[in-house]
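Residue numbers (my numbering): 1061 to 1370.
Built from N, CA and C at the ideal position, the CB exists for glycine as well.
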């Protein structure tokens, strides 16, 4: 497994964050320093999370880093702490960053929770002194923010997944070749709380996907929201042959009987007067694509790539 999350957690918040990050970064493993196994050293990406109590890093996290510094410095390391400060919490991670050096890809402070009734007597006393020293109310605090955690996880994914990049022109050619070689996709549309995913046939030409449809629920969404997502993939047989693409785009319904509509039917050799029922044409501008492909890996690039159209 390429990604491992090491954490310590006394009251559960850091554990919850580590679990959520593991889901976002999957496949990824998460566990405490006591659960660490030497075989995990093969992981390329190491994420280390610590709660902050008494303005100090958890001692087990300190010990873990100092005892494993010889191999950690060869990895990509992401550090995060869980604290009760609105701003400036990254300063708690400076000692760890100084020990690890250039292998640290980023540091992040995430909001935590304080439930006074859950604290043991020692932490209760420390927290009371802390709030008094900083002139803040001695009361329950909840700075836990799932949006912040999600954004952090996605930022790590971006750093991890797109680190060995294919040249833009080569990537564009690969995307277009993939789209032309396939003709089935899942079209996802949505508006408000209405969401629809529909398996459809498509064709591709010069930056656009074209879909003919008799109609249906998806058109209700398209009339209200032109943002769409499209998934194209092959049957999964294992990570060594995984191949798929997720597209983000803008959809437009082409007017029935218009020149563009008739031109497309002619190109497909479809006679409108022979159709049992009218077909409506959806034209999707491909704005971006996320690619997961074993072929890219075999070409010497990262297995995941992000393509943004001009």
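Rounded to the nearest whole angstrom, the C-alpha separation of residue 1316 and residue 1076 is 52 Å. Scanning its chain for C-beta atoms nearer than 7 Å, with the 5 sequence neighbours on each side dropped, one finds around residue 1085 the residues 1063, 1213, 1216, 1217, in chain order. The beta carbon of residue 1292 lies closer than 6 Å to those of 1242, 1245, 1305 in the same chain, with the five residues before and after it left out.
Going by C-alpha positions, residue 1109 is about 24 Å away from residue 1188.
In the structure shown, residue 1261 falls within a strand segment according to DSSP collapsed to helix, strand and coil. Between residue 1071 and residue 1078, the C-beta gap is not smaller than 7 Å, which leaves the two residues out of contact. Between the alpha carbons of residue 1286 and residue 1265 lies a gap of roughly 19 Å. With a threshold of 16 other beta carbon atoms within 10 Å, residue 1338 falls short and is exposed. Minimum Cα-Cα distance from residue 1234 among the listed residues 1207, 1107, 1359, 1310 corresponds to 1359. Taking every protein chain shown into account, the CB of residue 1168 has 16 or more other CB atoms within 10 angstroms, so this residue is buried. Residue 1135 sits close to residue 1163, with the two beta carbons spaced by under 7 Å. Counting along the chain, residue 1169 sits inside the beta strand (DSSP E) bounded by residues 1164 to 1171.
Under the 10 Å beta carbon count, residue 1367 is surrounded by 16 or more other beta carbons and is classified as buried. Taking a cut-off of 8 Å on C-beta distances, the region 1293 to 1303 does not touch the region 1250 to 1267, as fewer than three cross pairs fall below it.
In the structure shown, residue 1138 adopts extended strand secondary structure according to DSSP, grouped into three states. By the C-beta criterion, the region 1149 to 1158 is judged not to be in contact with the region 1173 to 1190, since fewer than 3 inter-stretch pairs fall below 8 Å. Annotated three-state conformation of residue 1151 is helix, per DSSP. Closest by C-alpha distance to residue 1220, out of 1138, 1356, 1340, is 1138.
Counting along the chain, no alpha helix (DSSP H) covers residue 1195, and no H or E run does either. For residue 1351, the closest alpha carbon among the candidates 1113, 1226, 1283, 1319 is that of 1226. Counting other Cβ atoms within 10 Å of its Cβ, residue 1370 stays below 16 and is therefore classed as exposed.
Judged by DSSP in its simplified three-state form, residue 1083 adopts helix. One Cα belongs to residue 1129, the other to residue 1147, and the distance between them is close to 29 Å. The closest CA to that of residue 1202, considering only 1353, 1107, 1143, 1228, is found on 1143. DSSP, read as helix, strand or coil, puts residue 1213 in helix. The continuous stretches of alpha helix (DSSP H) do not include residue 1347, which lies in the beta strand (DSSP E) extending over residues 1340 to 1353. Ranking 1248, 1118, 1099, 1103 by CA distance to the CA of residue 1281 puts 1248 first. Residues 1264, 1269, 1292, 1305, 1346 of the same chain have their beta carbon placed closer than 8 Å to that of residue 1239, with the five preceding and five following residues left out of the count.
The residues 1136, 1137, 1138, 1219, in chain order, have a CB closer than 7 Å to that of residue 1165 in the same chain once the five nearest residues on each side in sequence are set aside.
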